[in-house]
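Under our numbering, think of the first position of the sequence shown as 447, with each following residue one higher.
Every residue, glycine too, gets a C-beta built ideally from N, C-alpha and C.
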Amino acid sequence: MRRHASVYHAKVRAFEFAISLAELLPMLKVYTAVYLWKYRKTPDKRMGLFQHLLEVALSDNPNSGRPPRIWVERTQAMYLPAWLIDASVVATAERITSSGVEPALATVASQSSYFPGFSSEPLSCMALGADLEDSVAVPFSDKLRQQFGQEITCVPFMLAPFSLFSLWRLAGVMSITKNFRMDISSARANMMAAYPVLVPVYLVEFRVNTGGETESYTVVCQAATLWSPYVIDDYIGLLARDPAIARKPLHPFLPSPFLKGLRAMLSFANLTCKVTSNTATGIALSVSPRGVSAGLSYLINSLGTMRGATRAYEDMFFRRRDDPPGSGLSKPIDIDWDDLRIRPFTAEERRHNRLWTQLDAQVQRFRWFAANGKVAKDKLPPVILQMAQSSRDMHEDARPEWLRQWHARPNKKDDGFT
């Protein structure tokens, strides 16, 4: 990973380190021991979990006469750049029912979905946004470069998420569940607010005595809260070889930070998806078909953890075209920090943006239903018409000023943004 004495834009917010490395190390050692027991021992060859942890604890006692099983090789504290994304997205879709295939509209609302601001693997394959939603972020300043006596390596922003829609436009119709399909290429964002944040992370490299040989495992600890998720880089390799590992049930006696860490690192998407279809009654304007939000999240999460995905994204959108591809000589394209869609991560900003995404989803569903529903507009119940008009009025009144300017921008491109 490139090391820089980074200077950040005024829109960037940083989460402070909430806990010292000295306080975390005992927990991280236990976490590593649990991981080795779960994923590096076959069930027929491993002892019980508690016996395994006891063996590790005894080896730490200098009077035990046993060589240490796990010890710290090196540590590093880092600020990793990331984007938290609020968005209102619509796409054409199809529902498969007992009566056949029905055209539908999918409205997707994202709240603090995670996108890495850099491409270095395996860190860019890990979602490190758990618990940031309720944490306090502050403008970055030089005093944050050292915390708890640690020098913080500050990684610069090298990627922005807005080109995702250009990428999705290359896709086609995808099955989200067995009864629901979405045309990914039709997706358009009526609003996308991307909040640039710096995520505090500790990297701890452990050496492990496996019985005559030593192996290296790096633990990644997101340190914005006291109960932070932990991830081991080795797990990314396991997922690359067998993606089904992510869906296998974990041992019920595993410590909760272990469970939380492995689940959190896969969670790039934080979204809900509602579907408006060609209903016969004109009353039920939208539904949430079973598994659609989870299925769409799984699709996005799988792409996020895929080896090479962020590097390919960087090469496609953040490298100059006149440089030989793959030469290693291409120059990065700077992020346009004047882009209106880049917003500071503040409570007031998020409150206004999220209110509008909710209203936008309602308005888009009413519009689609009025154009595609089986019931003529003049036959709809008055309460539905009143709700539609009220939503339109609130939708316009609540539109944030930055979004009003964005929607009025000249020379709009066919890039997936309204």
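Only counting the same chain, and skipping five residues up and downstream in sequence, which positions put a Cβ closer than 7 Å to that of residue i?
i: Ile516; result: Lys475, Thr478, Ala479, Val502, Phe652, Val654
i: Tyr454; result: Phe586
i: Pro562; result: Ala528, Ser570, Leu605, Thr756
i: Gly737; result: Thr623
Short of 6 Å in beta carbon distance, which residues of its chain neighbour residue i, apart from the five on each side in sequence? Order them along the chain.
i: Ser674; result: Cys667, Gln668
i: Leu610; result: none
i: Gln804; result: none
i: Gly750; result: Phe714
i: Asn636; result: Ser534, Asp806, Thr864
i: Arg520; result: Glu651
Let me make sure I understand the geometry here. Which of the options has the alpha-carbon closest to that of residue i?
i: Trp848; options: Gln804, Asp784, Ser612, Pro828; result: Asp784
i: Trp614; options: His455, Leu467, Ala633; result: Ala633
i: Glu548; options: Pro846, Phe815, Leu616; result: Phe815
i: Thr660; options: Gln557, Leu482, Phe714; result: Leu482
i: Trp802; options: Phe763, Ser836, Pro846; result: Pro846
i: Gln835; options: Met473, Asp679, Asp761, Asp806; result: Asp806
i: Val645; options: Ala639, Gly683, Thr599, Thr538; result: Thr599
i: Val619; options: Phe564, Asp588, Ala550; result: Ala550
i: Asp588; options: Lys624, Tyr525, Leu574, Phe561; result: Tyr525
i: Tyr759; options: Gly707, Met711, Leu605; result: Leu605
i: Gly575; options: Ser837, Pro514, Met711, Ile691; result: Met711
i: Arg813; options: Leu467, Glu462, Asp532, Val536; result: Val536
i: Ile678; options: Ser545, Ser452, Ala573, Arg765; result: Ala573
i: Asp761; options: Ser631, Phe564, Leu685, Glu462; result: Phe564
i: Tyr744; options: Met473, Ala456, Ser559; result: Ser559
i: Tyr648; options: Leu672, Met628, His798, Tyr641; result: Leu672
i: Tyr641; options: Gln593, Ser837, Leu786; result: Leu786
Taking the C-alpha atoms as reference points, what is the distance between residue i and residue j?
i: Tyr681; j: Pro689; result: 10 Å
i: Asp839; j: Asp861; result: 27 Å
i: Arg753; j: Cys571; result: 7 Å
i: Ala539; j: Phe626; result: 7 Å
i: Ile465; j: Glu597; result: 14 Å
i: Arg448; j: Val601; result: Bear in mind that the predicted position of Arg448 carries a pLDDT of just 47, short of 50, making it too unreliable to give a figure here.
i: Leu530; j: Ser748; result: 18 Å
i: Ala844; j: Ala854; result: 16 Å
i: Phe463; j: Asn724; result: 50 Å
i: Thr718; j: Val643; result: 23 Å
So what's residue i in DSSP terms, helix, strand or just coil?
i: Ser739; result: helix
i: Trp783; result: coil
i: Asp688; result: coil
i: Thr478; result: helix
i: Met711; result: coil
i: Gly546; result: strand
i: Ser662; result: strand
i: Tyr454; result: coil
i: Pro856; result: coil
i: Asp861; result: coil
i: Leu526; result: strand
i: Glu567; result: coil
i: Ala834; result: helix
i: Leu574; result: coil
i: Pro607; result: helix
i: Trp517; result: strand
Hey, could you find the ends of the alpha helix (DSSP H) residue i is sitting in?
i: Asp761; result: 755 to 763
i: Gln806; result: The displayed chain sequence assigns Asp, not Gln, to residue 806. Its alpha helix (DSSP H) spans residues 793 to 818.
i: Ser581; result: It is not in any alpha helix (DSSP H) - Ser581 carries neither H nor E in the DSSP assignment.
i: Ser612; result: 610 to 614
i: Leu849; result: 847 to 853
The beta strand (DSSP E) with residue i in it runs from where to where?
i: Phe594; result: Neither: Phe594 is in no beta strand (DSSP E) and is coded neither H nor E.
i: Leu644; result: 634 to 655
i: Lys720; result: 717 to 723
i: Ser621; result: 619 to 623
i: Arg627; result: 626 to 629
i: Ala460; result: 459 to 461
i: Ile678; result: 676 to 678
Excluding the 5 residues flanking residue i on each side, which residues of the same chain have their C-beta closer than 8 Å to its C-beta?
i: Glu567; result: Ile682, Arg753, Gly754, Thr756, Arg757
Would you please verify whether the beta carbon of residue i is less than 8 Å from any beta carbon of chain D?
i: Asp577; result: This model lacks chain D altogether; it includes just one protein chain.
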